[in-house]
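Residue numbers (the working numbering): 2 to 249.
Don't be surprised by glycine CBs; every beta carbon is placed ideally from N, CA and C.
Please read all numbers here as calculations on a predicted model, not as lab measurements.
Notes to accompany the following structure.
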């Protein structure tokens with residue numbers, strides 16, 4: 002797509018970049034262009050545009066420019082979310098594609114919008130038990146996602162990571178693997194995340210999901226919060242924390 006090629010020009014000024022990205026995302030609102038984008042292997046270019054938005058120079062002292070670049074990233078992410086939701090996307094970009102590998106690395110990137118992009122696009126791929134199990138068994142994507150939950154990530158990143166994990170938790174043996182990887186302690190700290198209620202709800206929902214038909218994960222839920230017998234936390238379990246949230 003010509004717009005993508007122009008937007009990736011290293012000599013481009015921010016105002017021109019902004020105009021090109023706005024036009025690009027407007028086209029990608031139409032299903033016709035989403036199909037063309039996927040079928041002709043243009044998704045990589047759009048990912049490059051999102052990545053480029055973090056290196057293009059703009060006036061960081063200008064509140065208008067700062068707001069504009071944030072809006073552009075949101076528009077690109079929305080376009081990529083819609084493109085990856087197409088049934089064609091999984092056909093043209095399977096798990097062993099270079100895009101999936103790039104997105105996996107973005108899950109733990111330093112930029113929030115790259116992390117959100119990765120979770121949404123990979124989450125859109127995780128629509129069958131077979132794919133979900135391969136993501137956990139082969140890509141081990143759950144390890145990156147759980148590390149995000151354990152970091153001081155922003156609410157939007159946590160929400161997208163939890164949404165992805167909920168997809169993965171549905172399939173086959175994934176619940177047991179997630180439990181062994183520490184999903185219960187990771188989500189338990191988010192049961193107190195009152196600033197973003199959606200994060201609380203998703204974290205509680207995952208706990209419910211992973212204990213279904215899983216004695217191992219029920220055991221994890223009943224584990225004391227501290228192994229020190231002299232600590233008051235030794236008398237409380239992760240279930241205690243979940244019940245505290247329920248009382249609220």
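Shortest Cα-Cα distance from residue 114 to any of 77, 173, 3 involves 77. Here the alpha carbon of residue 75 sits roughly 10 Å from the alpha carbon of residue 69. Residue 165 sits away from residue 140, with the two beta carbons spaced by 9 Å or more. Taking C-beta atoms under 8 Å as the contact rule, residue 117 and residue 157 qualify, at a distance of about 6 Å. The beta carbon of residue 203 is closer than 6 Å to those of 163 in its chain, skipping five residues each way along the sequence. Within a 10 Å sphere around the beta-carbon of residue 83 sit 16 or more other beta-carbons, which makes this residue buried.
In the structure shown, residue 36 falls within a helical segment according to DSSP collapsed to helix, strand and coil.
Positions of the alpha helix (DSSP H) runs, each at least 4 residues long and wholly inside the region 192 to 241, are given as 198 to 212, 216 to 222 in order along the chain.
Contact annotation, residue 15 with residue 8: C-beta distance approximately 11 Å; criterion of less than 8 Å not satisfied.
Runs of the alpha helix (DSSP H) spanning 4 or more residues and lying entirely within the region 38 to 113 occur at 44 to 53, 64 to 85, 88 to 93, 99 to 107, in chain order.
DSSP, reduced to helix, strand and coil, places residue 138 within a helical segment of the structure shown. Residue state for residue 172 is assigned as coil, using DSSP reduced to three classes. Cα atoms of residue 232 and residue 94: separation of roughly 51 Å, rounded to the nearest angstrom. In this structure, residue 190 keeps its C-beta atom at 9 Å or more from the C-beta atom of residue 215.
The beta carbon of residue 52 sits closer than 8 Å to those of 115, all from its chain and outside the five residues before and after it, given in chain order. If you draw a straight line from the Cα of residue 161 to the Cα of residue 120, it comes to about 6 Å.
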